[in-house]
Each structure stands twice: as structure tokens, then as C-alpha cells.
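**Student:** From first to last, the protein sequence lines stand for chains Y and G. Counting in this note's numbering, the first sequence runs from 1 upward without gaps. Counting in this note's numbering, the second sequence runs from 1001 upward without gaps.
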Amino acid sequence: MIEAGAIDCDVHPTVPGLDALVPYMSDHWQDMIRTRGLDELASISYPANSPITARADWRPAMGKPAGTLEQMRSECLDPFGSSIAICNCLYGAQLLFSEDMATAFSSAVNDWIAAEWLAREPRLRASIVVQTQNVEMAVEEIERCAKNPRFVQVLLLASGDHPLGKRLYWPIYAAAERHGLTIGIHAGSNYHNPPTAAGWPSYYTEDYVAQAQAFQTQITSMICEGVFSKHPTLKVVLLESGWTWLPAHMWRLTKYWHGLRMEIPWVDRSPMEILQSNIRLSLQPTDAPPDPASLERIIEHMKSDELLLFSTDYPHGQFEGMEVLPDGLPKSLVRKIMIDNPRATYARLLEAVA
Amino acid sequence: MNINVEPQPTNRAANRLAIADCDIHPVRRKPDDFDPWLSARWREHLKTFGGLRRLGMQAGPAFPKGQPDAARRDALPPEGGRAGSSLSFMQKQHLDPNKVVFGVLNPLQSGQGVANPELCAALCYATNEWQVAEWTSKDSRLKASIVVPYEFPEACVAEIQRWAGHKDFVQVLVLSRTGEPLGNRRYWPIYQAAAEAGLPVAVHAFGYGGGPITSTGWPTHYIEEMAGHAQSCQAGLGSLVIEGVFERFPGLKIIMVESGFAWAPAFAWRLDKTWKALKAETPHLKQSPSEYLKQHVWWTTQPMEEPEPRTHVLDTIKWMGWDRLLFATDYPHWDFDDPAQALPLPLTDAQRHAFFRDNALAAYGVKA
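#1: By a C-beta neighbour count over all protein chains shown, 10 Å radius and 16 as the cutoff for buried, is residue 1178 of chain G buried or exposed?
#2: Measure from the C-beta of residue 154 of chain Y to each C-beta in chain G and report whether the shortest distance is under 7 angstroms.
#3: Could you compute how far the alpha carbon of residue 1342 of chain G sits from the alpha carbon of residue 1304 of chain G?
#4: So, does the CB of residue 10 of chain Y fall closer than 7 angstroms to a CB anywhere in chain G?
#5: Could you tell me whether the Cβ of residue 1066 of chain G comes closer than 7 angstroms to any Cβ of chain Y?
#6: For the candidate residues Y:288, Y:152, Y:297 and Y:213, whose alpha-carbon lies nearest to that of residue 84 of chain Y?
#7: Counting contacts by CB-CB distance shorter than 7 angstroms, is residue 1254 of chain G in contact with chain Y?
#8: Have a look at residue 10 of chain Y and residue 1181 of chain G and give me their C-alpha separation to the nearest angstrom.
#9: What are the uninterrupted segments assigned as beta strand (DSSP E) that are 3 or more residues long and contained completely in the region 229-295 of chain Y, given in chain order?
#10: Please state whether DSSP places residue 1143 of chain G in a helix, a strand or coil.
#11: Quick check: the Cα distance between residue 1172 of chain G and residue 110 of chain Y, rounded to an integer number of angstroms?
#12: Tell me, which residues are paired with residue 1369 of chain G by DSSP?
#13: Using a threshold of 6 angstroms, is the CB atom of residue 205 of chain Y nearer than that to any non-hydrogen atom of the ligand MN?
#14: Pop quiz: residue 1227 of chain G and residue 220 of chain Y are said to be a contact at Cβ under 8 angstroms. What is the actual Cβ separation, rounded to whole angstroms?
#15: Run through chain Y and tell me which residues come within less than 7 angstroms of residue 1222 of chain G, C-beta to C-beta.
#16: In three-state DSSP terms, what is residue 297 of chain Y?
#17: Could you spell out where the beta strand (DSSP E) holding residue 153 of chain Y opens and where it closes?
#18: List, in order along the chain, the chain G residues whose C-beta lies closer than 7 angstroms to that of residue 161 of chain Y?
#19: For the 8 angstroms Cβ check, are there 3 or more pairs between the region 203-212 of chain Y and the region 129-148 of chain Y?
#20: Flag this pair as yes or no: are the beta carbons of residue 311 of chain Y and residue 329 of chain Y separated by less than 7 angstroms?
#21: Hey, residue 105 of chain Y and residue 118 of chain Y are a contact pair by Cβ (cut 8 angstroms); roughly how many whole angstroms apart?
#22: Alpha carbon to alpha carbon, how far is residue 292 of chain Y from residue 258 of chain Y?
#23: What is the DSSP secondary structure of residue 1299 of chain G, reduced to helix, strand or coil?
#24: In whole angstroms, what is the alpha-carbon distance linking residue 1112 of chain G and residue 168 of chain Y?
#25: If you run the structure through DSSP and keep just helix, strand and coil, what is residue 362 of chain Y?
#26: Look at the alpha carbon of residue 1323 of chain G and the alpha carbon of residue 1249 of chain G, and state the distance between them as a whole number of angstroms.
#27: Can you round the beta-carbon distance between residue 122 of chain Y and residue 72 of chain Y to whole angstroms, since I take them to be within the 8 angstroms contact cut?
#28: Can you find the residues in the same chain that come closer than 6 angstroms, C-beta to C-beta, to residue 314 of chain Y, ignoring five residues on each side of it along the sequence?
#29: Using DSSP bridges, identify the partner residues of residue 8 of chain Y.
#30: Mind pulling the chain G residues with CB within less than 7 angstroms of residue 204 of chain Y?
#31: Candidates Y:240, Y:126, Y:212 and Y:349: which alpha carbon is nearest residue 53 of chain Y's?
#32: Does the CB of residue 221 of chain Y have a neighbour CB from chain G at under 7 angstroms?
#33: Could you check where the alpha helix (DSSP H) with residue 1229 of chain G kicks off and where it finishes?
#34: Run down chain Y in chain order and give the residues with a C-beta less than 9 angstroms from the C-beta of residue 1161 of chain G.
#35: Report back the beta-carbon spacing between residue 1235 of chain G and residue 216 of chain Y to the nearest angstrom; my notes put them in contact at under 8 angstroms.
#36: From residue 224 of chain Y to residue 306 of chain Y, what does the alpha carbon distance come to, in whole angstroms?
This is the structure:
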């Protein structure tokens, strides 16, 4: 059922360790790493040995899941037959409270990805990792990395210091639009705020479930603040967000827009319409209903066949074996999700890459 | 010539289905309405310091609402005072014409969320006395909520036990934006006391936890706050399930009030998928999250999600079960759902009766 030549919009190369990044850092930061005894920057978003963090059969005997290009080729690119896969590197850089240090580590991650993954594997593309505490520095990083056509997207986290629609972030969207980059928002937080709207949970299970709520918040924020009124061609891709919650959230937001649109007069189309023109979601995880017929109903509720983009979420554990396409996905949608929709979303995939 | 379009109580009620309204907001006529039940010490304290909450504003909202007092403009009582402050006008405008046979009072801005523990408890005590004296004793259709100082669970237990068994009180009321997620063990004495009293715990959207309404800081607009209540309610409900509250208190009923409901099915699917993958973390859970939700949780209907086409919401209700939803109007607030227009879809009589009345009577265990 999988289409040959799919575009996998969410794979996660793992930084093997801080040592791997050191060569990509300035003398000052190399010195700081040694002097201050930094040895790892790992976010709690993915506890190392937790089942979602990596599928059991994608855990190597030695080293980390998705820690080498060889692993990614043999476990993901080859078996799923993908023609392109977009690397979204999840590392602890954005969690740092120092915007200088967060920028230094983000830049190192980007240079490491470019040199050790993109330059060695023609099927790979990547997202530009940026911190968001200092927007000016984020824009500089986007400008720096955008010269490499294999970077196709800017990567933000689902929860940060402020909702992403806030005007202070708009220079990031302007830079992305200027360079034909999409804005990818990936599950995770910089944990500068509690991970739920009601504070810190006791269990990781709650944190992971709550990612869907964070994405709902960001849709609300970006639409209501007018990001898409200002940047009508900007595409935002929600990564590892889940998507079966989408219709219910849009119904609620659209209802309130009818009642309160006088507060946000720049939002001159209904949120549901804006969603359809500007926001996309990756396929995995699919938080599926118990029966395939209900999943078909959810797709009907989405009222568009252009919203979903194929993803394996490799090496995260979201499905068994090759069952990346959930039961209930209409056959007519498969080619759209696997090839057409990603091509329509990522302007840079259409450019020739040397 | 002007035509009077006010509903005519007798005409409108005659061909109407009798309904339950599980979210009605009574307010005080005057700030000193609670005084009869407050000690001199607290009356003085309130005059001098007010009731400080975890909110920056002493007066006025940081997210100004879309309408004065968030109320229907036509709900101002003719004799003066705030919308929702007059029983006689509530009867004339809402209870009689809409044929409400069972109405649940959820007093907001009572004393819940006041940071001073003793003051918070004193205000909740007064609110409960006031509900009986001014509302339920004067109209038997109206039922009260035991308003509790939920950040101070020991005081809640005393207040719940004080009213347990009283015919006018049908639930315990907490707000959704708590200081910690709702399933946190500090709140368990509330659930224990409510379960022992045989009363559901209603979780009404809003609150005073002090943290931002999102996991990513404070939004800008009132519309974002309003949309955001659905996310904060999901966080609270997820916490109740994952912490094992329903395993510990098998008789506990939770009613989510004004949280929206269309998110419930997908939320349950996500909980189930994640729980299945991470099961080892929560061995205290003996069944899937969706099973706990099915057995322990109800939702009030307002604000009804309104998809285009409207029939899509019938899928949602089917997934939740036709017995899960308790009709509510949110009178006298601006986003009031009119029972005549809330679900303009072809329904069977059984569905219509369940949705508008019988589910509420069953969930609260009352006869109309």
C-alpha cells in the first residue's frame, strides 16, 4: 500500500553525544564545555529508554537509536522506499536559558547535520534548529543555514516561552517566507513553562498526551494573532502532533471566531479556512479510534485531503513493522499524503539540489 | 412600529420539551450579599485587602471580555443589578420559557481561588448558605453546588460533609485551572469526600491557578483564553485518569462543565495509544484510559461545537455515547446556548430526551 518514492516528513537523527558537536563549535564554546564540565544536553521530552523514544527493533546493541546514517538507511529509508526524508534533530539546545549558549549549540547541531548527514546521503533534507528566546539570533541562524538548499524548514518546539503567534516571533516567519522555508513545529518543550496548562504533571504519559494540547494552543495563537494574514503563503507543519484532535479544535475555534472576531479584525477568514491554506500535520502518531470506519469519519471532518503529510517518526515507536499507514485511511488519500502533499508544502523540495 | 420579539413565556413553554440546564450562573446583587454568613473579621478584611487571587488585576480583567460582564445584553434585570442577580428575572427570561425543570447553579466569582486559605473557606461557606437562602429555597427547580476551597482540601472535606445529604445540593464544584493538575494527590481528599457523599465533582472551566493558560506562556487575546479552556480541561482530565483517581475512588463521578466536549473522543484515543505504549509507567491503572472516562466522566454541552455541516457533531456524540452529555445553557453569559437552537438536527425522541434532560437526571441521580 506504501507508495514508492514517499517523502518522509519526520525522521530524527540522534546526536550521539556532545562530543560529536564539539568540532562544530568555536574555541570559546569548546573551552566552556571543558571548563564547565558539560557532557550531555538531553530533554525530558524523550526519556532515553522509554518505548516511544525508540522502537525496540530500532534500538542497536551499541550506541543510540538513529545514531548513524547506516542505521537510518537500513531501518528507515530503504525499507519504506522513501525518496526524501526530512531530518528534525531533537536535542536539548533550546532548553538552555542562555540565549548565547542555546544559539551556539543550535548552530553546532545544524552544521553537524549538514556535514554528517545531508552531505553524505542525497535522500536527506533537514530543518534548521533555532532557539527562540532571542529572535534576532534565530533569524541570523536561519539566514546562515538557508544558503544550503538541503535545509527546507525552520524547526520550533510546540511549547516555549510564549505562544508562537506573538508578534515578537514574526521576524522568524518573515525570514522563512523569504527563503521558501516552512515552519515546522515539533512535539516538545523548552520547559520554560510547565508542560500542561494546569502545571507540571506527575507522569511522562501525561506530558506526551499533553503535546496535542500544546499544538492546539499554537494553532489558536498563530491564527488569532494574524501570522497568516501577514504571511499568506507561509506553511506551518505540525510534527509528531497527532491529528485526530484537529476537527474538534477547529470547530471550537471557529465558533469563538464567529462570536469574538471583533477582537481580532485582521483575521478576515474563518480559522478553518486558514488552517486549510496554511497548516499541515504529519501522519505519525495517528491517535486512531478503535475502528477504521471512525477514522474515515475523522478524515471527512477535516474537509480537505491536503492536510496530512507522510511521516514515519523514525526511530520513535508509533507503529509496528511496516504498518505506518493506519487502517481506515482511504486509498485515494495515500498518494496525496505520501507524495503530493509534501511536495506542495515544501517549496524547497522542488528546487534542484546540487 | 416596533415588534416585541421577547419570548412569551406561556407560548414558548407550551410546545417545549422540559429540559435540564446544568450550568446556570447566579451572581450577587451587591458585594455585601454574603455578609450575613461572614464573620466581622472577614468583612473587615475584605474591605481593607479584598480577596487576593493569583491574578494581577485588583479590578478589571487582564483579558477584557467581549461583552460587559461576559453577559447577554438582554439579561440585565429590569430592577437593576448584574445579569444573573435576579431570581425573578431569571425565571421570566429563562427558566419558565425554556421549561427548565432541573437547573444546576454554578456560582463563579464566589471565593474560590482566593489565596488566603481561611478567607477562601469562609467565602465558600457563605456562597453555599447564600445559594440556599436566595435561590434554591425560593425555586425548587434550582439545585446548588457545594462550592469548595479546592486548593485547601481539608477545608473542602468539612464543607462537603456539612452539606452531604442536603436535598438542594447536587454536586461539588471546583474550577479547572488549579494550582496543580487535578489528579495530583493533594486533591484526593476532595474526591474521597465527594464519593462518600455520593456527589459528582463538577469541574467548571476557568480558575486561578496562577500559571499561564497554555503550556507555552500567556496568550494575547480573550478569544485565545476562551479557546484555551478546552486544553486546560484536557490537562486536568488526563491527570485525573493517569494519576489513578478513578482506580482509587471507583464511585467518583466527574462532570466537565463548559469545557466543550467534541475533543473528548480524540483525547481518549490519544490517551489510550500513549498509555498502551507507556503502560509500564502506570501499573496502578487496571484498565484503559478510555474505559475510565466511559465509566466516570460526563460533559455539559455548552459551548456546543458547531461544525459545518452540523451533522458532523453527531459522529462525536455517537463516539462519546448518547448518555454522556448533559444539556447546559450557561445563562446569563454571552455564549448562552439556546435549547431551541442548540442541536438543530433530526434526532430520535429518545436521543432528544436524553440529551436535553434525562442524562442529567440520571447522572445526578434525581427525579424531575
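For every residue, glycine included, the Cβ atom is placed at its ideal position computed from N, Cα and C.
**Tutor:** Reading it off the structure:
#1: Of the residues assessed, residue 1178 of chain G falls on the buried side of the cut-off, its CB having 16 or more other CB atoms within 10 angstroms.
#2: Taking Cβ atoms only, chain G never reaches closer than 7 angstroms to residue 154 of chain Y, which makes this a no.
#3: Between residue 1342 of chain G and residue 1304 of chain G, the C-alpha separation is close to 7 angstroms.
#4: Cβ-Cβ to chain G under 7 angstroms: no for residue 10 of chain Y.
#5: Residue 1066 of chain G has a beta carbon lying within less than 7 angstroms of a beta carbon in chain Y.
#6: Of the candidates Y:288, Y:152, Y:297 and Y:213, the one whose C-alpha sits nearest the C-alpha of residue 84 of chain Y is Y:152.
#7: So, not an interface residue.
#8: If I take the Cα positions, the gap works out to 31 angstroms.
#9: Fully enclosed beta strand (DSSP E) runs of no fewer than 3 residues occupy 236-239 and 279-282 of the region 229-295 of chain Y, in order along the chain.
#10: Looking at residue 1143 of chain G - three-state DSSP - the assignment turns out to be strand.
#11: Answer to the nearest angstrom: the Cα atoms are 53 angstroms apart.
#12: In the structure as shown, chain G starts at 1001 and stops at 1368, and residue 1369 of chain G therefore has no counterpart that could be examined.
#13: Annotation note on the ligand MN: not contained in the displayed structure, which lists no ligands.
#14: Sure, about 5 angstroms apart at Cβ, within 8 angstroms.
#15: The contacting residues are 260 and 263.
#16: Under the three-state reduction of DSSP output, residue 297 of chain Y falls in the helix class.
#17: It spans 151-159 - the beta strand (DSSP E) in which residue 153 of chain Y sits, taken as one unbroken run.
#18: Going along chain G in sequence order, the residues near residue 161 of chain Y (Cβ under 7 angstroms) are 1217.
#19: Contact between the region 203-212 of chain Y and the region 129-148 of chain Y is absent, with fewer than three C-beta pairs closer than 8 angstroms.
#20: Taking a C-beta distance under 7 angstroms as the contact criterion, residue 311 of chain Y and residue 329 of chain Y do not qualify as a contact pair.
#21: Contact doesn't hold; Cβ gap of about 18 angstroms is too wide.
#22: Looking at the two C-alpha atoms, the distance is approximately 33 angstroms.
#23: Assignment of residue 1299 of chain G by DSSP, reduced to helix, strand and coil, places it in the strand class.
#24: One C-alpha to the other measures close to 35 angstroms.
#25: Lying outside 1 to 354, the shown extent of chain Y, residue 362 of chain Y is not represented and no answer is given.
#26: Cα to Cα, residue 1323 of chain G sits roughly 21 angstroms from residue 1249 of chain G.
#27: About 13 angstroms separates the CB atoms of residue 122 of chain Y and residue 72 of chain Y; that is not less than 8 angstroms, and the two are not in contact.
#28: Result list for residue 314 of chain Y: 11 and 76, in chain order.
#29: Residue 8 of chain Y pairs with Y:85.
#30: Listed along the chain, the chain G residues whose CB falls inside 7 angstroms of the CB of residue 204 of chain Y are 1278 and 1281.
#31: That would be Y:240, whose Cα lies nearest to the Cα of residue 53 of chain Y.
#32: It does: the Cβ of residue 221 of chain Y has a partner Cβ on chain G nearer than 7 angstroms.
#33: Where residue 1229 of chain G is concerned, the enclosing alpha helix (DSSP H) stretches over 1222-1242.
#34: Around residue 1161 of chain G, no beta-carbon contact reaches into chain Y at under 9 angstroms, the shortest distance being about 26 angstroms.
#35: Between residue 216 of chain Y and residue 1235 of chain G the Cβ distance is about 11 angstroms, and since that is not below 8 angstroms, they are no contact.
#36: About 22 angstroms.
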